[in-house]
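Asks:
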Amino acid sequence: MLDIGTAELLFWKPRYRESETEARNIIGLKEDNNSSFFITGIGLERLCMATNSLERVQDIDYIKPFYNLMEQQIGKRNFLAGESLRALHRIYSDILKFSIPTLSRQRRYKINRLIRNILEAQITSSEIERLLKIHTETQPWHPELAKGIDFTLYKIEVYRKGDERR
1 MLDIGTAELL FWKPRYRESE TEARNIIGLK EDNNSSFFIT GIGLERLCMA
51 TNSLERVQDI DYIKPFYNLM EQQIGKRNFL AGESLRALHR IYSDILKFSI
101 PTLSRQRRYK INRLIRNILE AQITSSEIER LLKIHTETQP WHPELAKGID
151 FTLYKIEVYR KGDERR
């Protein structure tokens with residue numbers, strides 16, 4: 001059995017265009033610890049995997065080049081480090097896109113866990129940069145990923161130096 005759907009509880013409140021409150025009018029997110037909302041969705045990656053009889057999500061055509069490069073770089077496909085880097089890149093790209101100024105301690109803890117997963121795989125900064133570039137190139141429908149490369153690299157280096165471990 002393959003789980004292809006999800007329901008998510010978010011602690012970020014949607015920002016709407018003008019006074020509209022329909023989903024099609026969401027223009028961003030803002031942190032709000034006093035409210036929450038649910039979203040549901042179908043994982044298109046998992047649906048693609050099932051439709052194409054693939055063994056892993058990482059075998060999907062736009063994800064596979066990322067893992068092929070990782071295997072060339074470190075000699076194996078480290079799925080924990082890879083998915084952590086892909087998620088971290090998406091998060092930091094969204095932080096830039098939506099101009100989110102600060103993150104709660106709980107969110108920083110979760111982000112730091114992703115960074116630790118990457119660093120524990122002993123992937124160098126230059127290897128991370130190349131992985132972020134291929135992650136961006138294979139998803140042209142997410143142009144914000146290109147803008148998030150430098151910020152993601154910067155935040156990983158800040159963590160590596162110990163400045164964000166508190």
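The sequence shown begins at 1 in the working numbering and counts up by one.
Note that CB positions come from ideal geometry on N, CA and C, so glycine has one too.
All values derive from a computational prediction rather than experimental measurement.
Helix, strand or coil, according to DSSP, for PRO65 in the structure here?
Replies: helix
Asks: For ARG17 and ALA146, what's the separation of their Cα atoms in angstroms?
Replies: 25 Å
Asks: Put LEU29 into one of helix, strand or coil per three-state DSSP.
Replies: strand
Asks: May I have a chain-ordered list of the beta strand (DSSP E) segments no shorter than 3 residues that lie completely inside the stretch 74-135?
Replies: none
Asks: Say yes only if the C-beta of ILE60 is nearer than 7 Å to one or more non-hydrogen atoms of the ligand GTP, and no if none qualify.
Replies: What this structure holds is no ligand at all, so the ligand GTP is not there to describe.
Asks: Which value, in whole angstroms, describes the spacing of the CA atoms of GLY148 and TYR109?
Replies: If you take the alpha carbons of GLY148 and TYR109, they lie about 20 Å apart.
Asks: Assign MET1 to buried or exposed, taking buried as 16 or more other Cβ atoms, counted over all protein chains shown, within 10 Å of its Cβ.
Replies: Note that MET1 scores a pLDDT of 48, beneath 50, so its modelled location is shaky and nothing firm can be said.
Asks: Within 10 Å of its beta-carbon, does TYR92 have 16 or more other beta-carbons around it, so buried, or fewer, so exposed?
Replies: buried
Asks: Mind checking THR136: buried by the 16 CB within 10 Å criterion, or exposed?
Replies: buried
Asks: Please classify TYR154: is it buried, with 16 or more other beta-carbons within 10 angstroms of its beta-carbon, or exposed?
Replies: exposed
Asks: Could you work out which residue in LYS13, HIS142, GLU127 and THR138 is closest to ILE156 when comparing CA atoms only?
Replies: GLU127
Asks: Leaving out five residues before and five after ARG166 in sequence, what residues of the same chain have Cβ atoms less than 7 Å from its Cβ?
Replies: A caution first: ARG166 carries a pLDDT of 47, below 50, which makes its placement in the model unreliable, though a value can still be read off. Excluding sequence neighbours, ARG166 sits near nothing in its chain.
Asks: Taking DSSP as the reference, what is the three-state secondary structure of ILE156?
Replies: helix
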